[in-house]
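Numbering (our numbering), first residue to last: 491 to 753. C-beta: ideal position from N, C-alpha, C; glycine also.
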């Protein structure tokens, strides 16, 4: 009589998987198998040898849970059964960050459901990273950098792949920002309360404009965005006179420091 020793999902290399996966049934005396019993569903094998039977997990499989698998022969004899676990597809609901520097990427926590069998988190066309979730509803990972980015901001979908499949793309997003760069400041000298026009690139979502004085003390300036390449900042008070610098910070990082003299 046919005897089953193990079940191996060829996608996960375990006895866990999802509808559409191919499963190998290993055992003995399997050559007369005519059908696979997947719970209450009868499935036609896709391959039969004396020691192995293959079949595809049917679309009628439950969303999740344990299913008994056995085989039956042309004589009606049925083998012992082995458990197969149908894994629910993962879903994503939120990300702990909304943006990351394109130059470096960064740490983030992805939230959702059915993460425990997760193997990787994908970040759009940027790339993917291996993960080993310890909780069913969240996983922390380090998003890769996006060195080839040309646009100031690139929006990428974040997905997770588990034994239950890959989550839907487009439900959770992250923006990659280029590092801002200052090209000119005008005027290049000023006193507290003066307005300074700062021109450069990637001035999207500016968080802070920082003035540093000759004693390395810093102060954050009030500023007004004009465009993606220009803003007007007011020289803050309390800084020492002399040679200093100005920097601009966005989610993409902090710009180059450009000389500014406080009078």
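Per DSSP, residue 527 is paired with what?
Walking along the chain shown from the start, residue 527 turns up at place 37. According to DSSP, which records beta bridges pairwise, residue 527 is partnered with 532, 560.
To the nearest angstrom, report how far apart residue 716 and residue 610 are at their CA atoms.
Taking the chain shown and counting its residues from 1, the one referred to as residue 716 is at position 226. Taking the chain shown and counting its residues from 1, the one referred to as residue 610 is at position 120. Taking the straight line joining both Cα atoms gives about 41 Å.
Could you tell me the boundaries of the beta strand (DSSP E) in which residue 516 lies?
Here residue 516 is taken as the residue at index 26 of the chain shown, counted from 1. 512-518 is the span of the beta strand (DSSP E), which, as asked, contains residue 516.
Secondary structure at residue 569, three-state DSSP: helix, strand or coil?
Numbered from its first residue, the chain shown carries residue 569 at position 79. Residue state, collapsed to three classes: coil.
Under a three-way DSSP split, which group does residue 665 fall into?
Here residue 665 is taken as the residue at index 175 of the chain shown, counted from 1. Three-state result, residue 665: strand.
Run of the beta strand (DSSP E) containing residue 647, from where it starts to where it stops:
Looking up residue 647 in the chain shown gives position 157. 643-652 is the extent of the beta strand (DSSP E) around residue 647.
Tell me, please, whether the CB atom of residue 644 is closer than 7 Å to any CB atom in chain D?
Protein chain content of the structure displayed is limited to a single chain, and chain D is not contained in it.
Mind reading off the beta-carbon distance from residue 710 to residue 700? Whole number of angstroms is fine, and I expect it under 8 Å.
Working through the chain shown from its first residue, we reach residue 710 at position 220. Working through the chain shown from its first residue, we reach residue 700 at position 210. About 6 Å separates the two Cβ atoms, so the contact holds.
Could you round the C-beta distance between residue 738 and residue 690 to whole angstroms and report it? I think they count as a contact, below 8 Å.
If you number the chain shown from 1, residue 738 lands on position 248. If you number the chain shown from 1, residue 690 lands on position 200. Going by Cβ atoms, the distance from residue 738 to residue 690 rounds to 7 Å, so yes, they are a contact pair.
Taking just the CA atoms, how far does residue 657 sit from residue 713?
Walking along the chain shown from the start, residue 713 turns up at place 223. Walking along the chain shown from the start, residue 657 turns up at place 167. A direct Cα-to-Cα measurement between residue 713 and residue 657 gives close to 41 Å.
Would residue 526 and residue 555 be called neighbours here (beta carbons separated by less than 7 Å)?
In the chain shown, counting from the first residue as 1, residue 526 sits at position 36. In the chain shown, counting from the first residue as 1, residue 555 sits at position 65. No.
Out of 501, 622, 532, 515, which one is the CA nearest neighbour of residue 539?
Mapped onto the chain shown, residue 539 falls at position 49. The residue with the shortest Cα to Cα distance from residue 539 is 515.
How long is the line joining the alpha carbons of residue 494 and residue 565, rounded to whole angstroms?
The count along the chain shown starts at 1 and reaches residue 494 at position 4. The count along the chain shown starts at 1 and reaches residue 565 at position 75. Their Cα atoms are separated by approximately 17 Å.
Three or more C-beta pairs under 8 Å: does that hold for the stretch 586-606 against the stretch 734-751?
yes
Taking a contact to mean a Cβ-Cβ separation below 7 Å, would you say residue 608 touches residue 623 in this structure?
Within the chain shown, residue 608 is the residue found at index 118, counting from 1. Within the chain shown, residue 623 is the residue found at index 133, counting from 1. The answer is yes: Cβ separation under 7 Å.
Member of 508, 496, 498, 492 whose CA lies at the smallest distance from the CA of residue 653:
In the chain shown, counting from the first residue as 1, residue 653 sits at position 163. Measuring from the Cα of residue 653, the nearest candidate turns out to be 508.
Which residues in the same chain have their Cβ closer than 6 Å to the Cβ of residue 472, if we skip the five residues on either side of it in sequence?
Beyond the ends of the chain as shown, which are 491 and 753, falls residue 472; an answer cannot be given.
Within 10 Å of its beta-carbon, does residue 637 have 16 or more other beta-carbons around it, so buried, or fewer, so exposed?
Position 147 of the chain shown, counted from the first residue, corresponds to residue 637. Exposed.
Opposing strand residues paired with residue 709 [DSSP bridges]
As a working note, residue 709 is residue 219 in the chain shown. According to DSSP, residue 709 bridges with 701.
Please report the straight-line C-alpha distance between residue 522 and residue 650, rounded to a whole angstrom.
As a position in the chain shown, residue 522 is number 32, starting the count at 1. As a position in the chain shown, residue 650 is number 160, starting the count at 1. For residue 522 and residue 650, the distance between alpha carbons rounds to 40 Å.
Quickly, what does DSSP pair residue 586 with across the bridge? List them, please.
Stepping through the chain shown from its first residue, residue 586 is reached at position 96. Paired residues: none, contrary to the question.
On a CA-only basis, which of 718, 500, 666, 581 is nearest residue 615? Give me that one, please.
In the chain shown, residue 615 corresponds to position 125, counting from 1. Closest option to residue 615, Cα to Cα, is 666.
The beta strand (DSSP E) with residue 597 in it runs from where to where?
Counting from 1 along the chain shown, the entry for residue 597 is found at position 107. Element bounds for residue 597: 596-603.
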